[in-house]
Ligand code: SIN
Ligand code: CO
C-alpha cells in the first residue's frame, strides 16, 4: 500500500499559498479541510491508550465555581474515567502517531511541511466545557476538529513576559482578551503559528480535537547540542593558541586580539558545513521518547530480505522513528533516530523514499535488491527496528 499523500490544498487554498502567506506567520481557519477523513481512533481507544505504560497522557479537570484546576498524569486506571464529573474535563494523549499506524498515516497528510519539523499528533477528548485554558505555545499547530464541536478563541502574540494565573498546574494567561472566536465542526482545521494566544473550549460532549504539532529546537538547546557534538571530535591538544602574542602594558586586560582568536576558533566549527550538516540531521531526527522504537521482532540478512520482497512483502517505517537525509558533498547522509549513515550518491532515490514516506511497497523496494549497498542499508534499518514488515490481514 502506498503512503497517504500530503495535502495539495487546505480547503480551496493550495499549500504553496498557505506556506507563503500563513505558515509561521498568522492564523488561518479552514472550514471542511478534512472532508471524508478516516479518523484513526475512537474515544474509547484513546482512553485505552491513556491507560498504557509509556504513553504520555494528562487529565485536566476544572472546577469553574472555585477556579480550581486539577492535573494528573497517566497511565490511568480504567476506573478513573468513570469517576469524572459530567463536564469541564479533558484528556490529552500525546504522540498518538508514535503508537498507532493509523494515526501515523493520518499525519502523513501534513508532510507538505518538512517532515523533520513535525513533533507529534496529540489527541484530546473533552466533556462539555472542557479545555486547557487560554495559553500560548512555542510551536506551530494544526488544530483539527474530529468529533463534536469546539469553540476556539484566539488573541494576539504573547511571549515569556506574559503573566499566568498563580498556583495553577497549567500555564493559563492572566490577561485574556480574545480577538476572534469560531466554532469548529468535524473536518474544520485551525492553523496557529507559534506564540498566538488561544483558548479551546468543548461546546459539546465527545469533543475530539487532533493537534498536529511541530517542533522548533530552542536556540540555547541547539548551541549546547552543537557544542557537545563538536567537543566529541576535538582532540585534547586542540587548545587556545597565541603564537602572535605581543607585549602589553596591562597584563590583566583581555584585548580585542585575544577575542578575535577565540571567535576565529568558534567560527571554524560554525563554518564547517559538513559538521553543521551532520549535527543538525542527527538533532532533528532524535526520538521523542528514549524507549522508542521497541526491540525489532526479527533480523533479516540480505538474501532473506530479497526473498521477502519477492514474495510481495511490504515495509513500513516504525512509528515514532524520524528519517531525514542531506547532501554531504559527493555523498549523502541518512539520519535516523539521531544517528547518521554515510551513503553513496547512488542511494538518493532510496533515501528520499525512506524519508518522504512511511510505507514502502515491495514493488518500490525491489529495484534495491540488485544494489548491495541499498540492500545492506535496508537490512540494517530492519535490524535496528526502524523499518518493519507490517502484518497484513
Ligand atoms: C486541546 O486539544 O484541548 C488543546 C490543544 C491546545 O490548545 O494546544
Ligand atoms: Co495550545
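Residue numbers (our numbering): 94 to 486.
Each residue gets a CB set at the ideal place from its N, CA and C atoms; glycine is no exception.
Bear in mind the structure is a predicted one, so any value in this text is a computation, not a measurement.
Selected residue, minimal CA-CA separation from residue 160, among 267, 391, 302, 455:
267
Whole beta strand (DSSP E) runs in the stretch 223 to 272 with 3 or more residues, listed along the chain?
234 to 240, 243 to 250
Quick test of the definition: if touching needs 3 or more C-beta pairs under 8 Å, does the stretch 375 to 385 touch the stretch 400 to 420?
At 8 Å Cβ cutoff, the stretches touch.
Residues bridged to residue 165 (per DSSP)
152
Can you look up residue 111 in the DSSP assignment and give me helix, strand or coil?
Residue 111 falls in the helix class under three-state DSSP.
Using CA atoms only, rank isn't needed, just tell me which of 291, 176, 263 is closest to residue 122.
291
Mapping the DSSP letters down to three states, classify residue 291 as helix, strand or coil.
If DSSP states are grouped into helix, strand and coil, residue 291 belongs with the strands.
Suppose the cutoff is 8 Å on Cβ atoms and the five residues either side in sequence are ignored; what does the same chain contact list for residue 315 look like?
376
Leaving out five residues before and five after residue 307 in sequence, what residues of the same chain have Cβ atoms less than 8 Å from its Cβ?
206, 210, 211, 212, 232, 233, 234
State yes or no: is the C-beta of residue 230 nearer than 7 Å to some heavy atom of the ligand CO?
Flag set: Cβ of residue 230 near the ligand CO.
Please find out if some non-hydrogen atom of the ligand CO comes closer than 7 Å to the beta-carbon of residue 291.
yes
Under 8 Å between the Cβ atoms of residue 295 and residue 223?
Contact flag set, yes.
Nonlocal neighbours in the same chain, by C-beta distance under 8 Å from residue 424, ignoring five residues either side
435, 436, 437, 438
Delimiting residues of the alpha helix (DSSP H) encompassing residue 489:
Lying outside 94 to 486, the shown extent of the chain, residue 489 is not represented and no answer is given.
Complete runs of the alpha helix (DSSP H) confined to the stretch 372 to 449 [at least 4 residues]:
395 to 403, 441 to 449
So, for residue 174: in the same chain, excluding its five sequence neighbours on each side, which residues have a beta-carbon less than 7 Å away from its beta-carbon?
140
Tell me which residues share the same chain as residue 467 and place their Cβ nearer than 7 Å to its Cβ, disregarding the 5 neighbours each side in the sequence.
Excluding positions up to five away in sequence, the list reads 440, 443, 461.
Is any heavy atom of the ligand SIN found at a distance shorter than 7 Å from the C-beta of residue 224?
yes
For residue 300, report the span of its beta strand (DSSP E) as first-last.
300 to 307
Give the single residue among 347, 366, 252 whose Cα lies nearest to the Cα of residue 319.
Comparing Cα positions, the closest option is 366.
With a threshold of 7 Å (Cβ to nearest heavy atom), would residue 302 be considered close to the ligand SIN?
yes
Exposure label - residue 203; buried when at least 16 CB within 10 Å:
buried
Residue nearest to residue 254 in terms of C-alpha spacing, selected from 229, 240, 455
229
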